[in-house]
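K.L.:
The sequence shown begins at 1 in UniProt numbering and counts up by one.
Backbone N, C-alpha and C fix where the C-beta goes; we use that ideal spot for every residue, glycine too.
Only a predicted model underlies this, so the values are computations on that prediction, with no experimental measurement involved.
Pasting in a structure now, in structure tokens, and then I'll have a few things to ask.
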Amino acid sequence: MEPSPEQSPHHAYPDHWEADVVLRDGGTARIRPITTDDAERLVSFYEQVSPESKYYRFFAPYPRLSAKDVHRFTHHDYVDRVGLAVTVGGEFIATVRYDRIDARGRPATAPADEAEVAFLVQDAHQGRGVASALLEHIAAVARERGIRRFAAEVLPANNKMIKVFRDAGYTQQRSFEDGSVHLTLDLEPTAESLAVQRGREQRAEARSVQRLLAPGSVAVIGVGRTPGGVGRTVLRNLLGAGFTGRTYAVNRAFAADRATIDGVPAHRSLGEIGEPVDLAVVAVPAERVPEAVADCGEHGVQGLVVLSAGYAEWGAEGRERQRELVRQARSYGMRIVGPNAFGVINNSEAVRLNASLAPERPASGRIGLFTQSGAIGIALLSGLYRRGAGLSTFISAGNRADISGNDFLQYWYEDPDTDVALLYLESLGNPRKFTRLARRTAAVKPVVVVKGARHSGSTPPGHAVPISRIPDATVSALMRQAGVIRVDTVTEMVDAGLLLADQPLPAGGRVAILGNSESLGLLTYDACLAEGLRPRPPRDLTTAATPQDFRDALAEALADEGCDAVIVTAIPWVGEDGRAEAGDGEVLATALHSAAAAGPAKPVAVVHVEIGGLAEALAAATSTVTQQRPAQASPGVQAPGHASGTPTTQPPVTHASPGGTDTAPAAASDGARAADPDTAPATARAIGRIPAYPAAERAVRALAEAVKYAQWRRQAAVPGKVPEFLDDTIDEAGAAARIDALLGKDPDPRGRPLSHDEAGELLACYGITVRSTLPAPDAEAAVAAAARLGYPVALKTTAPHLRHRADLGGVRLDLATESALRRAYGELVDLLGKPAELRPVVQAMAPRGVDTVVRATIDPAAGAVLSFGLAGAPSELLGDIAHRLVPATDRDAAELIRSIRAAPVLFGWRGSAPVDTAALEELLLRVSLLVDDHPEVVSIALEPVVVATQGLTVLGASVRLAPPPPRTDLGPRRLSNY
């Protein structure tokens, strides 16, 4: 338990500064404010610091803290004087404090927004990235309290501390004064400091996963004395997989003289083992888990896989038990898979870990699989096994109270054994972070996701983090933007994973179809058209085709420069006696592999009907040929997969390690690195398994996903730019001043909508002009307004229930004369009610064009989202709306207007004139820039935006302001709350 804080009369204990963090070596620690109750902890901590470290901190020998020091270092006002501590097991391992520099006892010219900062890290924990994490958190605290700069005095010999400041990425100045190095850090986050922070986050979280997947020793806690039960099953599976490390069985009910169980050492507690244990698999009843976790923490266990049930899936009491489990484990520096987990598998030959309930370790391969559901995990393992696919790693995280899919994306990003990442997710606890990590990973290897619980609107039982309330269509669009391959079913996930793991990425959507069944070929052709591919007419080899005929036809198709991929269709062929035969699947598989190995690197898939042994033979057969590296659609987009057991050509990846340095991750696979195909030397190319499908539609859908992903990879290689409008149409300072004035000094947390004029003035600061409207409380006012604006005009109601509802008669257009206006006004009142209720306005007509809608909203989980669609039925009835995360790049804006289904209307559909899409893209970018610069703008709706052949007109705008939600992605590193 944390100490009870003493509250200042003016500044209460800031519990939102508390955070769990992952350190460089993968262990966890807790950062929290120091309180008056910490005197004994501080003294104990200081006693364990070496004389050298004390000298570096105080610039003189300082063997012990005086009572005055202890009081000063534990009494803070949490504004001008702040101290933070890093704890493991409840004890201090590091501290940091700042003192604001002001005129009291300081030079009169010293700024009030500067503070002196000093660190002290226990020697045993130096090199773990503790000081770097502390700097991020104390800097965030300082910014919150109005401090903009840190000043630090460091002895020249204190190289470690100088490096902490130097590598943080903040703007800094350095000078040498009076025998010490004087450093000044500007605490405003920079692109470099954010990149440093995220790089450290990636390496630390990847290392924490690696500690779980590659332990040197495993203890199963809760092994039954008789066969059966969860613990005994896991122990049997560990032994059956041939785990290369040490294995122990633990049960407090074992007899004192019991030496072994199932051939492994048996102990009543971890303390009896007498050797380090890296990973503990906990399979005891929930009420006994705290005792087991304490035993693990006290004996240095690095990670836990908790199979025990009885947590959040059982209701409120279980949720609190789950929170306490996470708090307890993290306090000891351990991370958790689970609770209610199915387990983890690592197929590396150096590890061979099956710490799961899966009875057999799946075949080794290039696919990493994460699932939140044990049942879905079983189904996926079974499906992959039947299809001959191999896994690198498998994780079924159960309630996902700690380790999540985000952590495994961090790990797979640089894992040389994983070429494709498959994730079954039922919740997105941090969509902003997920899309960021997925985008980075997808740039080097495919990420395939099935999102469960899409329409239920509720959190799956047991999940620690509530699911996002983002509409599913928005989630899908954001995943696509991040390069994620979003599929609907686990079957489609397996289908796509098989193709992506072992076949090259296609350079385009041109598909050759060949086979011995005309009907099956036509089905494949139709499926290609339905998926947006460009199939060639099927080549019918006739039912008399032999395996050699298949080989020759495939070789010819692969050699054709107008072909990007090949789908082979096969049915049992006719034997010499005229009867249909299943044939020898191995012979056909060998023929197809021979052609694929000899030809250019293009994806091949097989659709087969009742050919015995073909799928198995295709999955098993691999070969390697030496050839000139083929030119791909663009440099860096090559085969993501390798044959199982074939070593990659990637140099070894350096992971963070205790006392080690942060090393930039290498590319995930040889195929992910840019290469010049004209100068690349001859190389051995692995020809992997050729995926086989029982239906043409499934093969084509998998290929279509690979085509779209390859296109995204090519585009991601040259990312778009967030434009800087160099004209005088952007007035960021003016917009900020207006927002401050509109919100007031004490803004309502619910926010406030802006009036038409207020919205127009704010939008004008970013070069967005809204066509003016004039109120028309009566017919005479309407006529006067029209005279001022000029005919023709539009008469509209602005009542919320009638806004933009031309179908209800609330909008009258093209009123060219005074008589027409008066007549329309009378009809409007007679039909819909009194003018005071309708709030009529008059507006000058815009040039003819296509009516569109541009919106931007702030989602608490995903952040700012930019949306686009056609006005009216396409977006409102059919949901034909596209979305992108803010800030949008020029490429995002171009893709946004082209990704809706009704996009042809903008580009000259059925002979109509194309509209000014360049002006529309500019408008989208200006809206994106506005909400990105000013997070107080929580929603914008421009409707309609009439896009003409030249230019566009914004006819209506609504804007809502509110205090901005916190940006967790820009803050210091921290684990999610439990």
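Of the residues T171, I162 and S132, which one's Cα is nearest the Cα of R148?
P.N.:
Comparing Cα-Cα distances from R148 to each of T171, I162 and S132, the minimum goes to T171.
K.L.:
What do you get for E895, buried or exposed, if any count of 16 or more other CB atoms within 10 angstroms of its CB means buried?
P.N.:
Answer is buried; the Cβ neighbour count reaches 16.
K.L.:
Does the region 38 to 53 touch the region 84 to 96, meaning 3 or more C-beta pairs lie closer than 8 Å?
P.N.:
Cβ pair count under 8 Å is three or more, so yes.
K.L.:
Tell me A168's beta-bridge partners as DSSP assigns them.
P.N.:
Answer is none; A168 lacks a bridge partner.
K.L.:
Which residues in the same chain have their Cβ closer than 8 Å to the Cβ of residue 1023, if we skip the five residues on either side of it in sequence?
P.N.:
The displayed coordinates of the chain run from 1 to 978. Any statement about residue 1023 would go beyond what the structure contains.
K.L.:
For R232, is the classification buried or exposed, using 16 other Cβ atoms within 10 angstroms of its Cβ as the cut-off for buried?
P.N.:
Buried.
K.L.:
Check whether the region 349 to 357 and the region 213 to 222 touch, using three or more Cβ-Cβ pairs below 8 Å as the test.
P.N.:
As far as the Cβ criterion goes, the region 349 to 357 touches the region 213 to 222, which means the pair count is three or higher.
K.L.:
Can we say the region 303 to 317 touches the region 337 to 346, given the rule of at least three CB pairs closer than 8 Å?
P.N.:
The region 303 to 317 is in contact with the region 337 to 346.
K.L.:
Just to confirm the assignment: which complete alpha helix (DSSP H) runs, minimum length 4, are found wholly within the region 302 to 357?
P.N.:
Here the runs fully enclosed are 316 to 331.
K.L.:
So, are the CB atoms of residue 993 and G343 less than 8 Å apart?
P.N.:
The requested residue 993 is not part of the displayed model; the chain covers only 1 to 978.
K.L.:
Taking 8 Å as the limit between beta carbons, can you name the residues of its chain near D99, skipping five residues before and five after?
P.N.:
D80, R81, A115 and E116, listed in sequence order.
K.L.:
Grab the span of the alpha helix (DSSP H) containing residue 994 for me, first residue to last.
P.N.:
One cannot answer for residue 994 here, as it falls past the ends of the chain, which runs 1 to 978.
K.L.:
Can you tell me whether D932 is helix, strand or coil according to DSSP?
P.N.:
Residue state, collapsed to three classes: helix.
K.L.:
Determine the direct distance from the alpha carbon of D262 to that of G229, and round the result to whole angstroms.
P.N.:
Cα to Cα, the separation comes out at about 14 Å.
K.L.:
Beta-carbon separation of A253 and R236 under 8 Å?
P.N.:
It is not a contact, given that the beta carbons lie outside the stated cut-off.
K.L.:
Note the first and the last residue of the continuous alpha helix (DSSP H) segment covering T233.
P.N.:
Here the alpha helix (DSSP H) through T233 covers V230 to A241.
K.L.:
Taking its Cβ as the centre, do 16 or more other Cβ atoms sit within 10 Å of A316, making it buried, or is it exposed?
P.N.:
When all chains shown are included, A316 counts as exposed.
K.L.:
Tell me whether T95 is buried or exposed, calling it buried when 16 or more other Cβ atoms sit within 10 Å of its Cβ.
P.N.:
It counts as buried.
K.L.:
Check each candidate in L520, R387 and V447 and name the one with the smallest Cα separation from F408.
P.N.:
Considering only alpha carbons, the answer is V447.
K.L.:
Going by beta carbon distance, what residues of the same chain come within less than 6 Å of R246, once the five residues before and after it are set aside?
P.N.:
Hits under 6 Å: S217.
K.L.:
Spatial neighbours of G222 within its chain, please: C-beta separation below 6 Å, excluding the five flanking residues on both sides.
P.N.:
Within the same chain, G222 has close Cβ partners G231, A283 and V284.
K.L.:
Between which two residues does the beta strand (DSSP E) containing V281 stretch?
P.N.:
That run of the beta strand (DSSP E) goes L279 to V282.
K.L.:
Rounded to whole angstroms, what is the Cα-Cα separation between V484 and A716?
P.N.:
Their backbone Cα atoms lie some 12 Å apart in a straight line.
K.L.:
If we call anything under 8 Å between Cβ atoms a contact, is L795 one with A787?
P.N.:
No; because the gap between Cβ atoms is not below 8 Å, this pair is not in contact.
K.L.:
Output the residue ranges of the beta strand (DSSP E) runs that lie fully inside the region 835 to 920 and measure 3 residues or longer, sorted by chain position.
P.N.:
Counting whole runs of 3 or more residues, the region 835 to 920 contains the beta strand (DSSP E) stretches 840 to 844, 850 to 859, 863 to 870 and 881 to 885.
K.L.:
Kindly indicate the opening and closing residues of the beta strand (DSSP E) around F92.
P.N.:
Residues E91 to I101.
K.L.:
Taking all protein chains shown into account, do 16 or more other C-beta atoms lie within 10 angstroms of the C-beta of K451, making it buried, or fewer, making it exposed?
P.N.:
Result: buried.
K.L.:
To the nearest angstrom, how far is it from the Cα of G660 to the Cα of G127?
P.N.:
In this prediction, G660 scores a pLDDT of 34, lower than 50, which makes its location untrustworthy; no coordinate-derived value is stated.
K.L.:
D278 to P290, Cα distance in whole Å?
P.N.:
Spanning the two alpha carbons is a distance of roughly 18 Å.
K.L.:
Let's see if you can read the secondary structure: which residues bound the alpha helix (DSSP H) around S476?
P.N.:
Its alpha helix (DSSP H) spans residues D472 to Q481.
K.L.:
Can you tell me where the beta strand (DSSP E) with residue 979 in it begins and where it stops?
P.N.:
Examination of residue 979 is not possible in this model, given that the chain is present from 1 through 978 alone.
K.L.:
How would you write the range of the alpha helix (DSSP H) that Y525 sits in, first residue to last?
P.N.:
Y525 -> alpha helix (DSSP H) spans E518 to A530.
K.L.:
Do the CB positions of E426 and Q372 come within less than 8 Å of each other?
P.N.:
Contact: yes.
K.L.:
With a CB to CB cut of under 6 Å and the five nearest residues on each side skipped, what residues in its chain are close to G767?
P.N.:
So the qualifying residues of the chain are T729 and R926.
K.L.:
For the region 13 to 39, which segments carrying the beta strand (DSSP E) assignment without a break, of at least 3 residues, lie completely within its bounds, in sequence order?
P.N.:
Listed in chain order, the complete beta strand (DSSP E) runs (minimum 3 residues) inside the region 13 to 39 are 19 to 22 and 28 to 33.
K.L.:
State the DSSP-derived secondary structure class of S364, mapped to helix, strand or coil.
P.N.:
Residue state, collapsed to three classes: strand.
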